[in-house]
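Here the sequence shown stands for residues 1448 to 1560, where the numbers follow the working numbering.
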Amino acid sequence: MVCIGCDEDLYEEMLNESYPEADVCGYNYSAGYLLRQIDSIAFRCGMNDHTCNCEEIENKQAEVEKIEEDIERIRTEAKSDDEVKEMIDDLEATAEELEDDISTLKEEGGYRE
Ligand SMILES: [Zn+2]
1448 MVCIGCDEDL
1458 YEEMLNESYP
1468 EADVCGYNYS
1478 AGYLLRQIDS
1488 IAFRCGMNDH
1498 TCNCEEIENK
1508 QAEVEKIEED
1518 IERIRTEAKS
1528 DDEVKEMIDD
1538 LEATAEELED
1548 DISTLKEEGG
1558 YRE
């Protein structure tokens, strides 16, 4: 997974889409491409202003997967017990919260798998 906070190509792409092309001696260049070429330090500084949440998202996704496995195991090993149903409900609620967090984080940073 990458985002505009950790991937130069993705950040350049974002800049290209956010700023108009520049005319240099009659040639047109994308803004992000140009900045990356002529001032790599400014380019990097700009990129570093964006928080990278890739690791956090991946950790949360791993948690969700683990919860789903737990639910699957509880379902197959023991059925029709109120306590078990409660456990599954709790796990599902936790997984949903994590999924919400993941969506919010992804929306914020233009994340790509
Ligand atoms: Zn990232």
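Glycine included, each C-beta is placed from N, C-alpha and C at the ideal position. Note that the structure is predicted; figures quoted are calculated from it, not measured.
Start and end residues, beta strand (DSSP E) containing D1470: Working through the sequence shown from its first residue, we reach residue 1470 at position 23. A1469 to V1471 is the span of the beta strand (DSSP E), which, as asked, contains D1470.
For ligand 1, residues whose Cβ lies under 6 Å from any non-hydrogen atom: V1449, C1450, G1452, C1453, C1499 and C1501
Reference A1489, options Y1458, E1546 and E1516, closest by Cα: Residue mapping note: residue 1489 aligns to position 42 of the sequence shown, counting from 1. Nearest C-alpha to A1489: Y1458.
Straight-line gap, R1406 to K1553 (C-alpha atoms, nearest Å): Summary: the structure shown does not reach residue 1406, with the chain confined to residues 1448 through 1560, and so no result is reported for it.
Under the three-state DSSP convention, the category N1475 falls into: Position 28 of the sequence shown, counted from the first residue, corresponds to residue 1475. Correct three-state label for N1475: strand.
Buried or exposed by the 16-neighbour rule on C-beta atoms within 10 Å, applied to Y1466: Sequence index remark: in the sequence shown, residue 1466 carries index 19 (1-based). Per the 10 Å Cβ criterion, exposed.
Alpha carbon of M1534 to alpha carbon of S1550, nearest angstrom: Counted from its first residue, the sequence shown places residue 1534 at position 87. Counted from its first residue, the sequence shown places residue 1550 at position 103. If you take the alpha carbons of M1534 and S1550, they lie about 24 Å apart.
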